[in-house]
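**Student:**
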Amino acid sequence: EGFSSVNFFLSLYRFQACVYFASVFQAMSCGIHYLASVFMAVTPNFVCGIPGNVSSVLFYNSSESSIEDIWTLWTSTENYIVVQLENGEIWELNQCSRSKREVSLDLAYEYKGNKSIFSCSDGFLYDDTKWKSTVVTQWDLVCDREWLAKLIQPTFMLGVLIGAVIFGDIADRLGRQRVIWFTSAGQFVFGVAVAFTFDYYSFVIVRFLLAMVSSGYLVVAFVYVTEFVGIKARTWASMHVHAFFAMGIMVVALVGFLVRTWWVYQIFLSIATLPFVLCCWMLPETPFWLLSEERYEDAQKVINIMARWNKVSTPCKVSELCSVQQDDLVSGRTGDNDTSSTKKHNILDLFCNWHIARRTITVWLIWFTGSLGYYVFSLSSVSLGGNEYLNLFLIGAVELPCYVIACIGMDKLGRRNTLIPFLILSALICVLIMFIPQDFNILIVLANMAGKFSIGVAFGLIYLYTAELYPTIVRSLAVGSGSMMCRAGSVVAPFCVYLRSVWIFMPLLLVGIMALLSGILTIMLPETLGKPLTNTLAEATEMGRNKKSCSGKTPPAHSGAALEKIEMFCQETVSTEK
Numbered sequence: 001e002g003f004s005s006v007n008f009f010l011s012l013y014r015f016q017a018c019v020y021f022a023s024v025f026q027a028m029s030c031g032i033h034y035l036a037s038v039f040m041a042v043t044p045n046f047v048c049g050i051p052g053n054v055s056s057v058l059f060y061n062s063s064e065s066s067i068e069d070i071w072t073l074w075t076s077t078e079n080y081i082v083v084q085l086e087n088g089e090i091w092e093l094n095q096c097s098r099s100k101r102e103v104s105l106d107l108a109y110e111y112k113g114n115k116s117i118f119s120c121s122d123g124f125l126y127d128d129t130k131w132k133s134t135v136v137t138q139w140d141l142v143c144d145r146e147w148l149a150k151l152i153q154p155t156f157m158l159g160v161l162i163g164a165v166i167f168g169d170i171a172d173r174l175g176r177q178r179v180i181w182f183t184s185a186g187q188f189v190f191g192v193a194v195a196f197t198f199d200y201y202s203f204v205i206v207r208f209l210l211a212m213v214s215s216g217y218l219v220v221a222f223v224y225v226t227e228f229v230g231i232k233a234r235t236w237a238s239m240h241v242h243a244f245f246a247m248g249i250m251v252v253a254l255v256g257f258l259v260r261t262w263w264v265y266q267i268f269l270s271i272a273t274l275p276f277v278l279c280c281w282m283l284p285e286t287p288f289w290l291l292s293e294e295r296y297e298d299a300q301k302v303i304n305i306m307a308r309w310n311k312v313s314t315p316c317k318v319s320e321l322c323s324v325q326q327d328d329l330v331s332g333r334t335g336d337n338d339t340s341s342t343k344k345h346n347i348l349d350l351f352c353n354w355h356i357a358r359r360t361i362t363v364w365l366i367w368f369t370g371s372l373g374y375y376v377f378s379l380s381s382v383s384l385g386g387n388e389y390l391n392l393f394l395i396g397a398v399e400l401p402c403y404v405i406a407c408i409g410m411d412k413l414g415r416r417n418t419l420i421p422f423l424i425l426s427a428l429i430c431v432l433i434m435f436i437p438q439d440f441n442i443l444i445v446l447a448n449m450a451g452k453f454s455i456g457v458a459f460g461l462i463y464l465y466t467a468e469l470y471p472t473i474v475r476s477l478a479v480g481s482g483s484m485m486c487r488a489g490s491v492v493a494p495f496c497v498y499l500r501s502v503w504i505f506m507p508l509l510l511v512g513i514m515a516l517l518s519g520i521l522t523i524m525l526p527e528t529l530g531k532p533l534t535n536t537l538a539e540a541t542e543m544g545r546n547k548k549s550c551s552g553k554t555p556p557a558h559s560g561a562a563l564e565k566i567e568m569f570c571q572e573t574v575s576t577e578k
């Protein structure tokens with residue numbers, strides 16, 4: 001049966017629709033803050049500062065009265081500017097050094113005489129034709145301090161990694177509602193605070209805290225919305241969270257085009273989702289978390305509110321659900337002696353035998369490759385030539401249809417049969433881009449959009465596929481470990497982009513190799529479309545050996561009505577992080 005994006009929106013009841021759109025609206029702020037540094041930390045053209053007032057400026061055969069008039073002619077970091085001061089001294093200004101000519105007879109660009117070389121003790125002169133101010137120009141993060149600028153995005157991604165772990169655990173302990181309140185307010189407060197930091201180190205620290213709350217919100221919001229929407233809409237609901245993240249990237253491009261001072265730019269980005277911060281306190285706790293904490297009266301209140309909003313005359317009774325679940329637990333305890341469900345599992349269980357270990361390595365590689373490719377294409381978009389604001393906007397916009405294609409492909413072709421061609425396609429596109437002449441800017445941008453599209457399909461698909469590949473007893477471990485590999489990829493991605501200084505195609509080469517390897521290894525994974533979820537490692541292993549064996553397996557004796565309902569609900573619920 002066909003299930004389109006329109007069907008997804010129509011399938012949501014009034015209450016769930018309000019909760020869903022309110023929650024995913026704030027996901028835009030995560031996309032905003034994740035990619036804000038592409039413009040905020042840009043390094044413009046620059047040269048060493050000068051120890052006096054300039055009377056004339058010479059750049060090759062062009063003579064100007066001020067250095068600001070030279071920037072339009074600047075083409076390479078190897079260039080230098082010759083300036084004559086009012087006292088008659090002639091200086092050559094390079095990017096990281098300056099030299100004073102010993103003989104100052106006439107102003108000429110070429111000079112063969114003796115020169116005294118000095119450091120840039122008077123600061124730097126920056127090209128402000130595009131950006132009036134960036135964090136690089138604010139704190140002179142160039143030359144021997146350039147490495148500090150290159151740490152801005154990796155330290156943010158490290159905060160993303162830590163925040164997801166911390167707030168994911170807090171959400172399980174204290175509830176989704178409280179974490180959503182705190183992280184939403186935190187994104188606004190820390191986002192604005194970034195604009196008022198007084199030095200580089202305070203800037204990085206506040207951005208690190210901003211990364212933690214942004215990551216925490218994205219993880220918990222995903223779980224929050226999937227616990228409210230119906231099972232039929234859950235796959236589409238999860239994909240549309242990614243779509244709102246992509247809209248945040250588009251907002252970054254728009255605000256970057258309109259605002260050219262970094263701290264004003266940061267404030268505008270931070271207040272973009274202020275309406276949600278003002279109303280997020282109205283969001284209720286999910287009934288499923290309340291039930292897990294045995295807060296039955298509170299759960300019933302939320303269910304009654306949902307019933308009134310949705311105009312349901314006979315709301316579900318929590319007491320009836322609890323009695324069914326207790327009956328199943330009693331029958332499960334007396335029905336067999338299997339203790340696997342009560343055994344504590346750890347990461348080593350993902351390597352319990354060769355089949356599961358091979359599956360785990362492949363899945364981890366896909367998670368890492370998806371995140372690496374996603375951020376390499378996104379962060380590199382401003383360096384493709386042409387209009388960098390339009391490039392980033394298109395790189396974000398191309399994600400919107402890619403998630404629709406991913407959902408349709410998962411339902412029609414299967415998880416593996418959709419994942420393999422798009423991984424291999426992204427590798428081929430990386431190779432294709434290397435053969436496009438550098439002056440074909442439009443073609444390069446379109447090819448990068450195609451690469452982002454293909455890696456985006458694979459990146460969005462792997463969340464659900466991972467949950468289906470592993471049995472119930474280690475499913476959370478599998479998804480959690482894969483998510484950690486995803487975040488490791490996001491930390492590595494900025495360093496990969498910096499390799500453009502070594503070879504312009506180095507980032508694409510690395511992403512292409514990883515994507516091709518991932519696509520080939522995915523061939524060995526089993527298809528999970530239409531297959532029941534496995535409950536034990538033995539069943540999961542058998543699924544890998546015989547693709548038809550799982551459909552004929554008899555469920556364990558203790559999987560009664562309540563367990564089947566819980567499994568149906570959890571079938572597509574996995575925690576995700578960009």
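According to our numbering, the sequence shown is numbered sequentially starting from 1. Built from N, CA and C at the ideal position, the CB exists for glycine as well. Quantities reported herein were computed from a predicted structural model and do not represent experimental measurements.
1) For the beta strand (DSSP E) that cysteine 48 lies in, which residues bound it at each end?
2) Considering only residues of the same chain and omitting the five flanking positions on each side of cysteine 550, which have a CB-CB separation below 6 Å?
3) When the Cα of valine 220 is compared with those of Lys452, Gln26, Arg475 and Ala272, which residue comes out closest?
4) Measure how close the beta-carbons of tryptophan 364 and glycine 482 come, nearest whole angstrom, since I'm counting them as under 8 Å.
5) Between which two residues does the beta strand (DSSP E) carrying leucine 125 extend?
6) Please name the residue, chosen from Leu85, Thr197 and Gly123, that lies closest to leucine 105 on a Cα-to-Cα basis.
7) Ordered along the chain, which non-local residues of its own chain (more than five positions away) have a Cβ less than 6 Å from that of phenylalanine 371?
8) Please state whether DSSP places arginine 101 in a helix, a strand or coil.
9) Cβ atoms of glutamine 95 and cysteine 48: under 9 Å apart, would you say?
10) What did DSSP end up calling phenylalanine 228 once you bin it into helix, strand or coil?
11) Would glutamate 527 and asparagine 387 qualify as a contact pair, given that the criterion is a beta-carbon distance under 9 Å?
12) Bridge partners for glutamate 64 per DSSP, in chain order?
13) Between the Cα of alanine 272 and the Cα atoms of Ala447, Ser29, Ile166 and Tyr80, which residue gives the shortest distance?
14) Among the residues of its own chain, which have a CB less than 6 Å from the CB of glycine 396, if the five just before and after it don't count?
15) Runs of 4 residues minimum, wholly inside the region 235-277: which ones carry the alpha helix (DSSP H) assignment?
16) DSSP three-state label for glutamate 297, please.
17) In angstroms, rounded to a whole number, what distance separates the CA positions of tryptophan 139 and tyrosine 200?
18) Since lysine 115 is in the beta strand (DSSP E), which residue starts that stretch and which ends it?
19) Using C-beta distances below 7 Å, list every residue in its chain close to glycine 373, excluding the 5 sequence neighbours before and after it, in chain order.
20) Got a sec? Which residues, its chain only, sit under 6 Å from tryptophan 74 by beta carbon, not counting five neighbours each side?
21) Tell me, which residues are paired with serine 490 by DSSP?
22) Could you tell me how far apart the beta carbons of tyrosine 375 and alanine 493 are, in whole angstroms, since I believe they sit closer than 8 Å?
23) Which residues share a DSSP beta bridge with glutamine 84?
24) Leaving aside the five residues before and after leucine 537 along the sequence, list all residues of the same chain whose C-beta is less than 6 Å from its C-beta, in chain order.
25) According to DSSP, serine 214 sits in a beta bridge with which residue or residues?
26) Count the C-beta pairs between the region 436-443 and the region 210-219 that are closer than 8 Å, then say yes if the count reaches three, no if not.
27) Would you kindly check if the distance between the Cβ of arginine 98 and the Cβ of isoleucine 50 is under 9 Å?
28) Below 6 Å CB to CB, which residues in the same chain sit around glycine 31 once its five sequence neighbours on both sides are set aside?
29) Given threonine 466, which residues of its chain have a CB within under 8 Å of its CB, disregarding the five upstream and five downstream residues?
30) Which term fits arginine 359, buried or exposed, when burial requires 16 or more other beta carbons within 10 angstroms of its beta carbon?
31) Identify every run of the alpha helix (DSSP H) within the region 331-413, keeping only runs that are complete inside it and at least 4 residues long; order them along the chain.
32) Less than 8 Å between the CB atoms is what I'm expecting for leucine 58 and tyrosine 109, so what's the real figure, rounded?
33) Taking leucine 379 as the reference, give the member of Asn304, Gln16 and Leu35 with the closest Cα.
34) Is the beta carbon of phenylalanine 190 sitting closer than 9 Å to the one on leucine 209?
35) Take the Cβ of tyrosine 20 as the centre, count every other Cβ of all protein chains shown within 10 Å, and call the residue buried at 16 or more, exposed below.
36) Count the other C-beta atoms from every protein chain shown that fall within 10 angstroms of the C-beta of phenylalanine 198, then say buried if there are 16 or more, exposed otherwise.
**Tutor:** The structure says:
1) Within the sequence shown, numbered from 1, the residue matching residue 48 stands at position 48. Element bounds for cysteine 48: 46-48.
2) Against the sequence shown, residue 550 aligns to sequence position 550. Note that cysteine 550 scores 38 on pLDDT, short of 50, meaning its location in the model is unreliable and no value can be drawn from it.
3) Within the sequence shown, residue 220 is the residue found at index 220, counting from 1. Minimum Cα distance to valine 220 is reached at Gln26.
4) Within the sequence shown, residue 364 is the residue found at index 364, counting from 1. Within the sequence shown, residue 482 is the residue found at index 482, counting from 1. Tryptophan 364 to glycine 482, Cβ: 6 Å. Contact.
5) Your numbering for residue 125 matches position 125 in the sequence shown. Residues 124-126.
6) Here residue 105 is taken as the residue at index 105 of the sequence shown, counted from 1. Ranked by how close their Cα comes to the Cα of leucine 105, the residues Leu85, Thr197 and Gly123 have Leu85 in first place.
7) For the purposes of this step, residue 371 is taken as the residue at position 371 of the sequence shown. Checking the displayed sequence, the identity of residue 371 turns out to be serine instead of phenylalanine. Excluding sequence neighbours, serine 371 sits near Cys486, Gly489 and Ser490.
8) Taking the first residue of the sequence shown as position 1, residue 101 is located at position 101. The answer is strand: DSSP assigns arginine 101 an E or B state.
9) As a first step, residue 48 must be located in the sequence shown, where it is residue number 48. As a first step, residue 95 must be located in the sequence shown, where it is residue number 95. It is a contact, given that the beta carbons lie within the stated cut-off.
10) Numbered from 1 along the sequence shown, position 228 holds the residue referred to as residue 228. In this structure, phenylalanine 228 counts as coil in the three-state DSSP scheme.
11) Translated into the one-based positions of the sequence shown, residue 527 becomes position 527. Translated into the one-based positions of the sequence shown, residue 387 becomes position 387. By the CB criterion at 9 Å, glutamate 527 and asparagine 387 fall outside the cutoff.
12) The sequence position of residue 64 within the sequence shown is 64, counting from 1. As computed with DSSP, glutamate 64 is found in a beta bridge with Val57.
13) Position 272 of the sequence shown, counted from the start, is the residue given in the question as residue 272. Checked all of Ala447, Ser29, Ile166 and Tyr80; the closest Cα to alanine 272 is Ser29.
14) In the sequence shown, residue 396 corresponds to position 396, counting from 1. Result list for glycine 396: Ala246, Ile249 and Met250, in chain order.
15) Positions of the alpha helix (DSSP H) runs, each at least 4 residues long and wholly inside the region 235-277, are given as 262-270 in order along the chain.
16) Position 297 of the sequence shown holds residue 297. In this structure, DSSP gives glutamate 297 a helical state, which the three-state scheme calls helix.
17) Position 139 of the sequence shown holds residue 139. Position 200 of the sequence shown holds residue 200. Our two residues, tryptophan 139 and tyrosine 200, have alpha carbons roughly 7 Å apart in a direct line.
18) Within the sequence shown, numbered from 1, the residue matching residue 115 stands at position 115. Its beta strand (DSSP E) spans residues 115-118.
19) Counted from its first residue, the sequence shown places residue 373 at position 373. Beyond the five residues adjoining it in sequence on each side, glycine 373 comes within less than 7 Å, by CB distance, of Ser426, Ile455, Val511 and Ala515 in the same chain, given in chain order.
20) If you number the sequence shown from 1, residue 74 lands on position 74. Only Asn45 meet the Cβ criterion.
21) Here the question's residue 490 lines up with position 490 in the sequence shown. Per DSSP, serine 490 has no beta-bridge partner at all.
22) Your numbering for residue 375 matches position 375 in the sequence shown. Your numbering for residue 493 matches position 493 in the sequence shown. Going by Cβ atoms, the distance from tyrosine 375 to alanine 493 rounds to 4 Å, so yes, they are a contact pair.
23) Taking the sequence shown and counting its residues from 1, the one referred to as residue 84 is at position 84. BP columns for glutamine 84 point to Ser56 and Ile90.
24) Position 537 of the sequence shown, counting from 1, holds the residue named residue 537. Around leucine 537: Cys352 and Pro471.
25) Here residue 214 corresponds to residue number 214 of the sequence shown, with the count starting at 1. None; serine 214 has no bridge partner.
26) Result no; under three Cβ-Cβ pairs closer than 8 Å.
27) Numbered from 1 along the sequence shown, position 50 holds the residue referred to as residue 50. Numbered from 1 along the sequence shown, position 98 holds the residue referred to as residue 98. The answer is yes: Cβ separation under 9 Å.
28) For this step, residue 31 is matched to residue 31 along the sequence shown. The beta carbon of glycine 31 sits closer than 6 Å to those of Phe245, Gly248 and Ile249, all from its chain and outside the five residues before and after it, given in chain order.
29) Translated into the one-based positions of the sequence shown, residue 466 becomes position 466. Cβ contact annotation for threonine 466 (same chain, cutoff 8 Å, sequence separation greater than five): Val363, Trp367, Ala478, Val479, Gly482 and Val574, in chain order.
30) Stepping through the sequence shown from its first residue, residue 359 is reached at position 359. Arginine 359 is classed as buried because its beta carbon has at least 16 other beta carbons within 10 Å across all chains shown.
31) Listed in chain order, they are 354-380, 388-397 and 399-412.
32) Sequence index remark: in the sequence shown, residue 58 carries index 58 (1-based). Sequence index remark: in the sequence shown, residue 109 carries index 109 (1-based). Indeed they touch by this definition, with Cβ atoms about 5 Å apart.
33) By one-based count along the sequence shown, residue 379 stands at place 379. Check the Cα spacing between leucine 379 and each of Asn304, Gln16 and Leu35: the tightest is with Leu35.
34) One-based indexing of the sequence shown puts residue 190 at position 190. One-based indexing of the sequence shown puts residue 209 at position 209. Going by C-beta atoms, phenylalanine 190 is nearer than 9 Å to leucine 209.
35) As a working mapping, residue 20 is identified with position 20 in the sequence shown. Label assigned to tyrosine 20: buried.
36) In the sequence shown, counting from the first residue as 1, residue 198 sits at position 198. Its Cβ having fewer than 16 others within 10 Å, phenylalanine 198 is exposed.
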